[in-house]
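Residue numbers (our numbering): 2 to 548. All C-beta atoms in this analysis are idealised placements derived from N, C-alpha and C, irrespective of residue type, glycine included. All figures in this text were calculated on a predicted structure; none of them were measured in a lab.
Below, the structure is given as structure tokens:
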């Protein structure tokens, strides 16, 4: 009885302190108003929307584990003699950065676990951002009014690549040093300013003695600060602009339907955070990654056998390996096309396309309206084909980054494999585009057949004439709504008379984008209702509805 009273008094004290603190905060800041609006915020309930949260919670794990690692890591390139626990390297000269990495792995309690969790979290973080961007691209969620948020997301992806490369290079082992040698070659290949940039970054000839401390500052201070600021901006824009949603009954272009933040979405999100954290810890405990002790300290006259970068920059390694050895000398300057094109021009074009695509598609369609309904990928076959072609091209370049390992493992000729991959990089994306587009059109035709004939029941029926056929039943209203309510722009009309070349190009691209389509059967009344569901929220913002 006594303990129960004490427990109740403690609860009352905590409740009173919480109320007093919240009231004090609310007098100075709009805490109650903001909290009330946030608690009423509708969040999407489809699984694909949790890809962004997967990246967010991986970032949380990265920050926590990275903070722990900074307590023990010394980024100095000063030479020392290793006297730690790992006997095979004892007595070997190495940098302080590599020595403290070995110390973290063998002499700090839990250090190896935290190192590996940090590395796995980095891989998952970049992968989650990439897959999240693919979801945004294929569903058209980058369209107005979310173009700015797409730009923020692309910048986050670019910074994640930079952050990953800096962290990968910090241990100063032979594998990361080989990557730094490649980075130096890439910088040196830039015409005119390449040598100056290299001298500035490495403070003299490669490998220099300051690059690891500089990368450390970039890795733990500059890039994380910008990343966290952009993540906050990204989340703010998501809340302000409302989320997109899939076409379904009750969901239109003028509302945002989802689960309230508390308690539904909060419980789901907290569960996902614990699952992500647990999975990363499990990977760090059971899956060995980046065993730096196997490579030894970096030496400029040595290269690690079978060295492979992390997957997110593997496509650059593959592009470098596939590029023919083209060089030219112009006015006494050597132009290293074999490095410049695959490692500077290719990623530059890639990110330029990513940044510009929302405005390019808007220009092609002539569409200036807001969009809050997701596109089904099959309803935009050309866009889907372009995305699949890009993914196939990336996969082939990633495969080419390990051509030596593949050739050794399967007893193939490296030269023959390289030539085969060169041909596939050119032909593969074209075939992937064609196959993906035809598959989308076939799926549209299947949707039309389902609307006209109904869903197959799996039963065989016999008519009065004795003929046999498949049994069908009408689609549910929910399924019919999902198939009929879709946004498919029509190609722009051909210009009259002598139009400018820019207008003719725009019409040609619009025709190429949208001429191939399968019209769905709908009555005049259904078309009127579909148009009302797709109408733009002009005078009022998209409203929120809780499921």
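Task: alpha helix (DSSP H) runs wholly inside the stretch 304 to 341, at least 4 long, in chain order - done: Every unbroken stretch of the alpha helix (DSSP H) spanning 4 or more residues and falling wholly within the stretch 304 to 341 is given here in chain order: 315 to 323 and 338 to 341.
Task: Residues of its chain near residue 212, where Cβ-Cβ distance is below 6 Å and the 5 sequence neighbours each way are ignored - done: Sequence index remark: in the chain shown, residue 212 carries index 211 (1-based). The answer, listed in chain order, is 203.
- [ ] Tell me residue 81's beta-bridge partners as DSSP assigns them.
- [x] Counted from its first residue, the chain shown places residue 81 at position 80. Paired residue(s): 95.
TODO: With DSSP collapsed to three states, give me the class of residue 258.
DONE: Counting from one through the chain shown, the residue named residue 258 turns up at place 257. In this structure, residue 258 counts as strand in the three-state DSSP scheme.
Task: Sequence-distant residues of the same chain with beta carbon closer than 7 Å to residue 481, five excluded per side - done: As a first step, residue 481 must be located in the chain shown, where it is residue number 480. Result list for residue 481: 452, in chain order.
Open item on the list: For a quick check, are the C-beta atoms of residue 401 and residue 426 less than 9 Å apart?
Closed with: Residue mapping note: residue 401 aligns to position 400 of the chain shown, counting from 1. Residue mapping note: residue 426 aligns to position 425 of the chain shown, counting from 1. Less than 9 Å separates the beta-carbon of residue 401 from that of residue 426.
Open item on the list: Can you tell me whether residue 533 is buried or exposed? The criterion is at least 16 other CB atoms within 10 Å of its CB, across all chains shown.
Closed with: Counting from one through the chain shown, the residue named residue 533 turns up at place 532. Residue 533 should be labelled exposed.
TODO: Kindly identify the DSSP beta-bridge partner or partners of residue 174.
DONE: As a position in the chain shown, residue 174 is number 173, starting the count at 1. Its beta-bridge partners are 298.
Open item on the list: Distance check for residue 138 and residue 145, CA to CA, integer angstroms please.
Closed with: Residue numbering aside, residue 145 sits at position 144 when the chain shown is read from its first letter. Residue numbering aside, residue 138 sits at position 137 when the chain shown is read from its first letter. Their Cα atoms are separated by approximately 13 Å.
Open item on the list: Between residue 380 and residue 489, how many whole angstroms is the CB-CB distance? I'm expecting something under 8 Å.
Closed with: For the purposes of this step, residue 380 is identified with residue 379 of the chain shown, where counting begins at 1. For the purposes of this step, residue 489 is identified with residue 488 of the chain shown, where counting begins at 1. Right, their Cβ atoms sit about 6 Å apart.
Task: Three-state secondary structure assigned by DSSP to residue 497 - done: Stepping through the chain shown from its first residue, residue 497 is reached at position 496. DSSP places residue 497 in coil when its eight states are reduced to three.
Task: Within 9 Å, strictly: CB atoms of residue 56 and residue 126 - done: Sequence index remark: in the chain shown, residue 56 carries index 55 (1-based). Sequence index remark: in the chain shown, residue 126 carries index 125 (1-based). Yes, they are a contact pair.
Open item on the list: With DSSP as the reference, identify every bridge partner of residue 463, one or two as the case may be.
Closed with: Position 462 of the chain shown, counted from the first residue, corresponds to residue 463. BP columns for residue 463 point to 469.
- [ ] Note down the Cα distance separating residue 268 from residue 54, rounded to an integer number of angstroms.
- [x] Taking the chain shown and counting its residues from 1, the one referred to as residue 268 is at position 267. Taking the chain shown and counting its residues from 1, the one referred to as residue 54 is at position 53. Just so you know, the alpha carbons of residue 268 and residue 54 end up roughly 13 Å apart.
- [ ] Give the DSSP-derived three-state secondary structure of residue 142 in the structure shown.
- [x] Residue numbering aside, residue 142 sits at position 141 when the chain shown is read from its first letter. Note: residue 142 maps to coil in three-state DSSP.
Open item on the list: Tell me the rounded alpha-carbon separation between residue 118 and residue 531.
Closed with: Here the question's residue 118 lines up with position 117 in the chain shown. Here the question's residue 531 lines up with position 530 in the chain shown. Answer to the nearest angstrom: the Cα atoms are 49 Å apart.
Open item on the list: Could you tell me the alpha carbon to alpha carbon distance between residue 542 and residue 255, rounded to whole angstroms?
Closed with: For this step, residue 542 is matched to residue 541 along the chain shown. For this step, residue 255 is matched to residue 254 along the chain shown. Confidence in residue 542 is poor, its pLDDT being 49 and thus under 50, which makes the residue's placement unreliable; the coordinate value appears in the next sentence. Cα to Cα, residue 542 sits roughly 7 Å from residue 255.
Open item on the list: Whole angstroms are fine: how far does the CA of residue 347 sit from the CA of residue 371?
Closed with: Taking the chain shown and counting its residues from 1, one reaches residue 371 at position 370. Taking the chain shown and counting its residues from 1, one reaches residue 347 at position 346. Separation of residue 371 and residue 347 (C-alpha to C-alpha, rounded to the nearest whole angstrom) is 32 Å.
Task: Given residue 343 as reference, the closest of 191, 182, 444 and 364 once Cα atoms are compared - done: The residue you call residue 343 lines up with position 342 of the chain shown. For residue 343, the nearest C-alpha among the options comes from 191.
- [ ] Go through its chain and collect everything with a Cβ distance to residue 336's Cβ below 7 Å, but skip five positions before and after it.
- [x] By 1-based counting over the chain shown, the position of residue 336 is 335. Excluding sequence neighbours, residue 336 sits near 192, 328 and 329.
Open item on the list: Among the candidates 98, 407 and 477, whose CA atom is the shortest distance from the CA of residue 550?
Closed with: Nothing in the structure corresponds to residue 550, since the chain is present only between 2 and 548.
Task: Own chain partners of residue 449 with C-beta closer than 7 Å, once the 5 adjacent residues on each side are dropped - done: Sequence index remark: in the chain shown, residue 449 carries index 448 (1-based). Closer than 7 Å at the Cβ level, and outside the excluded window around residue 449, lie 519, 521 and 522.
Task: Beta-carbon proximity of residue 169 to residue 154, cut-off 9 Å - done: Reading the chain shown from its first residue, position 168 is the one you call residue 169. Reading the chain shown from its first residue, position 153 is the one you call residue 154. Against a cut-off of 9 Å, the Cβ pair of residue 154 and residue 169 comes out as no contact.
Open item on the list: Just to confirm before moving on: does the CB-CB distance between residue 110 and residue 52 stay below 9 Å?
Closed with: For the purposes of this step, residue 110 is taken as residue 109 along the chain shown, with counting starting at 1. For the purposes of this step, residue 52 is taken as residue 51 along the chain shown, with counting starting at 1. Taking a C-beta distance under 9 Å as the contact criterion, residue 110 and residue 52 do not qualify as a contact pair.
Open item on the list: So, under 8 Å CB-CB, residue 294 and residue 87 are touching, yes? Tell me the CB distance rounded to an integer number of Å.
Closed with: Taking the first residue of the chain shown as 1, we reach residue 294 at position 293. Taking the first residue of the chain shown as 1, we reach residue 87 at position 86. Correct: roughly 5 Å between the Cβ atoms.
Task: Whole-angstrom C-beta distance between residue 356 and residue 152, which should lie under 8 Å - done: What you label residue 152 is simply residue 151 of the chain shown in a count that begins at 1. What you label residue 356 is simply residue 355 of the chain shown in a count that begins at 1. Their Cβ separation, rounded to whole angstroms, is 6 Å, which keeps residue 152 and residue 356 in contact under 8 Å.
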